[in-house]
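These notes are about the structure you will find just below.
Chains as they are written, first to last, in the working numbering: chain A, 1 to 232; chain B, 1001 to 1113.
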């Protein structure tokens, strides 16, 4: 009984309301491990450090969260645009961020997977847009709004990063606004109708290997006083 | 006048007691990715007058130990942490989010009166 009380108190200290019971461990990105080990090493040798500054990312903050994408692929019933390789709704649950916390970084990571497509294949273009309406009529296809990223997919691409701080702040201020992002990967300079089998193979591989996540850094003002205020 | 130094054995004197809690013993290894456990060190022990003139004790502890020697109704100075260090926790919550948080003043490094 006592241990349960103490456990609940310790969990509250961690900002949790009950013991998590994850089904499987998510992959931990290298940067989180690096920040963790740097922090542990500094504490071990007794170096005093500013716990509200994530120097590896160059932002202020005392909590980092890697949010997995909870969205889904979209298959439009109409014959897909010849140039469209894949369409996906990306959704990140920001409810874990407490009201008192300030967002200082929100970085979208898009991992298109290793050797996703042959570099001899068609050049691809990646478009990110806000979802204007979660769905149109009875179609579960969200209506994409303003495109805010449009770029060709470099080769080899590794993990692509996009700064979503303003979008995430908007979502965090009004959770109803968080209806996700619309990701579309297009074929640049598509040559007319007809199925291009290599293209179809490339797109199928992209759909299998695409992995999206949102890294958010937050600052708890109760634990982190504003850095500019000099100690009197 | 020199106060009689009480013959207190060293092990009863104020010092840091080390205690490591393995998260596996609590079943928390299923959601805490790192570290494997937590140094729950604590401070415990007497603060006799003789100690307050040597160990990293505060002047206040010196005065309180003096007062205690003169009037035992006044409690001895207490044994508390004098140096603490932070820890970082890398864990996963129920929404499959991976979270890294820093917690200040979590591990007792040194104790004093």
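For glycine and all other residues, C-beta sits at the position ideal for the given N, C-alpha and C.
Among the residues facing chain B, residue 185 (chain A) is not included, as its CB has no counterpart in that chain under 9 Å away. In its chain, beyond the 5 residues on either side, 127 and 129 have a beta carbon closer than 6 Å to the beta carbon of residue 147 (chain A). Take residue 17 (chain A), set aside five residues on each side of it, and the residues of its chain with a beta-carbon closer than 8 Å to its own are 11, in chain order. Rounded to whole angstroms, the Cβ separation of residue 1102 (chain B) and residue 39 (chain A) is 6 Å, and the two are in contact under 8 Å. Judged by their CB atoms, residue 181 (chain A) and residue 85 (chain A) are not nearer to each other than the 9 Å cut-off.
In the DSSP assignment, residue 1038 (chain B) falls outside any alpha helix (DSSP H) and within the unbroken beta strand (DSSP E) covering 1037–1039. Taking the Cβ atoms as the reference, residue 1084 (chain B) lies roughly 6 Å from residue 1109 (chain B), within the contact range of under 8 Å. DSSP lists A:161 and A:213 as the bridge partner or partners of residue 109 (chain A). The C-beta of residue 168 (chain A) comes no closer than 9 Å to any C-beta of chain B. In terms of CA proximity to residue 1020 (chain B), B:1039 leads the group B:1072, B:1067 and B:1039. By the beta-carbon neighbour count (other beta carbons within 10 angstroms, threshold 16), residue 1079 (chain B) is buried. Only buried fits residue 202 (chain A), as 16 or more other CB atoms lie within 10 angstroms of its CB. Non-local C-beta neighbours of residue 219 (chain A) in its own chain, meaning closer than 7 Å and more than five positions away in sequence, comprise 52, 60, 61, 62, 101, 102 and 104, ordered along the chain. Against chain A, a Cβ distance below 8 Å from residue 1092 (chain B) picks out 20, 22, 25 and 26. In this structure, residue 214 (chain A) lies away from residue 96 (chain A), with their beta-carbon atoms at least 9 Å apart.
Sequence-ordered contacts of the stretch 50–66 of chain A with chain B read 51, 62, 63, 64, 65 and 66 [C-beta pairs closer than 7 Å]. Shown here for residue 1100 (chain B): same chain residues with a beta carbon closer than 6 Å to its own, the five before and five after excluded, namely 1090 in chain order. Closest by C-alpha distance to residue 1051 (chain B), out of B:1065, B:1092 and B:1106, is B:1065.
Under DSSP, residue 125 (chain A) forms a beta bridge with A:152 and A:186. Scanning its chain for C-beta atoms nearer than 6 Å, with the 5 sequence neighbours on each side dropped, one finds around residue 108 (chain A) the residues 162, 164 and 214, in chain order. Listed in chain order, the non-local C-beta contacts of residue 177 (chain A) below 7 Å within the same chain comprise 170 and 171, local neighbours out to five positions each way being set aside. With a minimum length of 3 residues, the unbroken runs of beta strand (DSSP E) contained wholly in the stretch 6–88 of chain A fall at 63–68. For residue 1035 (chain B), the chain A residues whose C-beta falls within less than 9 Å of its own C-beta are 36 and 40, listed in chain order. For residue 46 (chain A), the chain B residues whose Cβ falls inside 9 Å of its Cβ are 1083, 1085 and 1109, in order along the chain. CA-CA distance, residue 1057 (chain B) to residue 1112 (chain B), rounds to 5 Å. Within 8 Å of the CB of residue 1101 (chain B), the CB atoms of chain A belong to 14, 15, 62, 63 and 64, in sequence order along the chain.
In chain order, 1095, 1096, 1097 and 1098 make up the part of chain B whose C-beta sits under 9 Å from the C-beta of residue 68 (chain A). DSSP lists B:1098 as the beta-bridge partner residues of residue 1092 (chain B). Around the beta carbon of residue 1012 (chain B), fewer than 16 other beta carbons sit within 10 angstroms, so the residue counts as exposed. In this structure residue 94 (chain A) is in contact with residue 168 (chain A), their Cβ atoms being roughly 7 Å apart against a cut-off of 8 Å. DSSP links residue 168 (chain A) through a beta bridge to no other residue. Looking at the DSSP output, residue 102 (chain A) bridges to A:219. For residue 1061 (chain B), the secondary structure class from DSSP, reduced to helix, strand or coil, is helix. In the three-state DSSP reduction, residue 1025 (chain B) falls in the helix class (H, G or I).
In the three-state scheme derived from DSSP, where H, G and I count as helix and E and B as strand, residue 1049 (chain B) is classed as helix.
At a cut-off of 9 Å between C-beta atoms, residue 1026 (chain B) counts as an interface residue with respect to chain A.
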